[in-house]
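Just so we're aligned: 200 in our numbering is position 57 of the sequence shown, and the numbers increase by one with no gaps anywhere.
A quick write-up on the structure given underneath.
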Amino acid sequence: MASSEQQTADPCVLVIFGATGDLTKRKLMPALYNLARSGLLPDNLAILAFARRVHTIENFRRDLTDAMQQFGPQPLDAGLWERIVARVTYLTGDYADPAAYATMRQVLEQSDAERGTRGNYLYYLATPPEVFAEVARQLSAAGLARGSQPFQGWRRIVVEKPFGHDLASARALDGELQAAFDESQIFRIDHYLGKETVQNVLVFRFANGIFEPIWNRRYIDHVQITAAESVGVEGRGGYYESAGALRDMIQNHLFQLLALVAMEPPISFDGDVIRDQKVRVLQAIKPMDDEEIIRRSVRGQYGPGVIGGTPVPAYRDEPSVGRDSPTETFAALKLNVENWRWADVPFYLRAGKRMARRETEIVIQFRRAPVLLFRSAGAASLQPNRLILRIQPDERIEVQFQAKRPGAIVRLAPAQMNFCYGDLGESVLSTGYETLLYDVMIGDSMLFHRADMVDAAWRVATPILDVWGALPPRDFPNYSAGSWGPAAADRLLERDRRVWQNPEQEQSPCDP
Ligand code: NDP
Ligand code: BG6
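This is the structure we're talking about:
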């Protein structure tokens, strides 16, 4: 998250491994285009696309251009796009073939000499995760992992998700990466941290003086973090079958949101200072024994249903999904952060596919007023105060409170105050990858996972996955597509006399 001074990123070669894939077309190229439009890309940026498929440079560039028509902002500035695509070169090779890296080395050196890229190489692993360690090994063996003569330059590697599928595999991957690169060179990406409103959580908490005094167990009753998606697995059934909602969304994205909400104030805006505070939160999540895991976790899988008036199939009827798949498409957890600030304040997290609608939000629910003065004015139904940080699709912050209805008699009504993020300026076109790519190019690691954060997150998630693995679900599918998840998730909160905040379909106060 760069500071307020805008600067053009360093000259460099962006090497994309797996450049023929979906991520490159859908996110990376549109993000580069948006960065160029904002004037943040250096003139001497080169893009080296690497993959196994054979392409001529002409047909690869044509593929990228077609994809930009589909996934890029419209209308496209054709001149600008031409200038970007002209910087792309394509190299065919096998990810495990040393000869491919020897050729890559020549291409990179040529780029330094001809395009002024100064030995700065940004390797982006946009391949399936099975290939991550191999590429790191090969880059190291080819002498491409660290700066060398004539241009010392910097070398950075971006690692996509998923980062391991449990604690042991994440540690093994880390071992491989760290044998090739220093931790300071490794950027483990989490696209949630590239979202404007996620970054705004930090600013909201720490650029204002009024929230911090009440941001603790004395005033906060509990926190809910929801990432509901209305989409299903969208052709990624193969990947999703080996992941599930806990690995896909909670272990990474939702744990990051939790860390941002619960972290202590940092002493500076330095990347490692912020990450130190975040990792302490993850490390403070109370470990659960098997019994607690059963009581405090819920998993679900969607059956057929209707979303937005359209019938949608059950998860088990999606392409590349097993007919008796035990994979969860919904997960909910009750976690406790055991430190002085948060002891006894539950954090309820849930993520699900094919839910009633797309909504990512953080609800901070405050304790009730200590004295019920307005019992006769309908106080029994008084809603507690809530602060809601809406991440998407509606980008706003809402405060819910009670007010007096106009009239001679004291009658209470729930009221809201809203801040619409868009009011601060024209929304900037974003895939979520712009800030992240730019930050790697300027060497700012604040928005990236550090090894100890990944480790701490897997330490929480792995025992849950182990218990779930040992007890295959017997009731799947247990929620209808288009609902708010399984009934067991409601019971998780009802047992604590609480309820999920399921956002109503309403006209947003931020709509024009
Ligand atoms: P793809 O499945 O499209 O794979 C990318 C490229 O990798 C393919 O075009 C292929 O190129 C190469 N590849 C595929 N399978 C293998 C294999 N078994 N061994 C070696 N190379 C292979 O992936 P995506 O582009 O969708 O995603 C890339 C990475 O980004 C993944 O780690 C994914 O989890 C992550 N990601 C993707 C998102 C998205 O929106 N797509 C969102 C968030 C994360 P070739 O055969 O030409 O070498
Ligand atoms: C990805 C998950 O990390 O995040 C997907 O792999 C999910 O399954 C996506 O759909 C959600 O991202 P967003 O930005 O749409 O909330």
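In this text, a Cβ means the ideal position worked out from N, Cα and C, and glycines have one as well.
In this text, all values refer to a predicted model and were calculated from it rather than measured experimentally.
*Within the segment 380 to 455, ranges of the alpha helix (DSSP H) (whole runs, at least 4 residues)*: 380 to 384, 398 to 405, 414 to 427 and 433 to 439
*Buried or exposed for VAL424, please, with buried defined as at least 16 other CB atoms from any protein chain shown within 10 angstroms of its CB.*
buried
*ASP537: CB within 7 Å of a non-hydrogen atom of ligand 2*: no
_Element boundaries [alpha helix (DSSP H), containing GLU502]_ = For GLU502, there is no enclosing alpha helix (DSSP H); the enclosing beta strand (DSSP E) has its first and last residue at 502 to 509.
*Which residue spans inside the segment 471 to 555 form an unbroken beta strand (DSSP E) run of at least 3?*
473 to 479, 489 to 495, 502 to 509, 529 to 535 and 539 to 547
*In terms of residue numbering, what span does the beta strand (DSSP E) encompassing TYR233 cover?*
231 to 235
*Let me know the beta strand (DSSP E) ranges lying completely inside the segment 146 to 186, each 3 residues or longer, listed in chain order.*
155 to 160
*asked:* Please list the terminal residues of the continuous alpha helix (DSSP H) segment that includes ALA189.
replied: Taken as a continuous stretch (DSSP letters only), ALA189 belongs to no alpha helix (DSSP H), being part of the beta strand (DSSP E) at 188 to 194.
_Straight-line Cα distance separating ASP595 from GLN543_ = 37 Å
*Given that a residue counts as buried once 16 or more other Cβ atoms are within 10 Å of its Cβ, and exposed if not, what is SER623?*
buried
*asked:* Judging by CA-CA distance, which residue of THR235, GLN321 and TRP611 is the nearest neighbour of ARG438?
replied: TRP611
_Residue environment, SER519, which counts as buried when at least 16 other CB atoms sit within 10 Å_ = exposed
*Return yes when the Cβ of GLY448 is within less than 8 Å of the Cβ of PRO629, no when it is not.*
For PRO629 and GLY448, no; Cβs fall outside 8 Å.
*asked:* For a minimum of 4 consecutive residues, which ranges assigned as the alpha helix (DSSP H) are wholly contained in the segment 550 to 610?
replied: Correct list: 576 to 585.
*Inter-residue spacing [alpha-carbon to alpha-carbon] between ARG511 and ASP582*: 42 Å
*Quick one: does the C-beta of GLU372 sit closer than 7 Å to a heavy atom of ligand 2?*
yes
*Does the beta-carbon of LEU223 have 16 or more other beta-carbons within 10 angstroms, so that it is buried, or is it exposed?*
exposed
*asked:* I'd like to know if the segment 529 to 547 and the segment 419 to 434 are in contact, where contact means that at least 3 CB-CB pairs between them fall below 8 Å.
replied: The segment 529 to 547, when compared against the segment 419 to 434, does not touch it at the 8 Å Cβ threshold.
*Contact belief for THR369 with ARG493 at Cβ below 8 Å, rounded distance in angstroms*: 5 Å
*Which whole-angstrom value is the C-beta distance of PRO489 and PHE509, which I expect to be below 8 Å?*
Not quite, the Cβ-Cβ distance comes to about 14 Å (not below 8 Å), so this is no contact.
*Taking DSSP as the reference, what is the three-state secondary structure of LEU268?*
strand
*With a CB to CB cut of under 7 Å and the five nearest residues on each side skipped, what residues in its chain are close to GLN399?*
ASP333, TYR335 and LEU336
*Rank MET498, LYS338, PRO615 and ARG617 by C-alpha distance to the C-alpha of THR578 and give the top, closest one.*
LYS338
*Cα-Cα, which of LEU268, ASP467 and PRO173 is closest to MET211?*
PRO173
*Rounded C-beta distance between LEU525 and GLN545? I'm assuming under 8 Å.*
6 Å
_ILE329: first and last residue of the uninterrupted beta strand (DSSP E) it sits in_ = Note, ILE329: beta strand (DSSP E), 329 to 331.
*Straight-line CA distance for ARG497 to PRO454?*
11 Å
*Return the Cβ separation of LEU306 and ALA315 in integer angstroms, given the expectation that the two are a contact with Cβ distance under 8 Å.*
Strictly speaking, residue 306 in this sequence is Phe, with Leu absent from that position. Between ALA315 and PHE306 the Cβ distance is about 11 Å, and since that is not below 8 Å, they are no contact.
*In angstroms, rounded to a whole number, what distance separates the CA positions of ALA152 and ALA192?*
19 Å
*Confirm the yes/no value for this check: CB of GLU647, any heavy atom of ligand 1, distance under 7 Å.*
no
_CA-to-CA distance, THR235 to VAL197, given in whole angstroms_ = 6 Å
*Provide the residue span of the beta strand (DSSP E) that contains ALA371, from first to last.*
363 to 371
*Under the DSSP definition of a beta bridge, which residues are partnered with ARG298?*
TYR264
*C-alpha gap between GLU502 and ASN645, whole angstroms*: 9 Å
*Indicate, with yes or no, if ligand 1 has a heavy atom lying under 7 Å from the CB of THR270.*
yes
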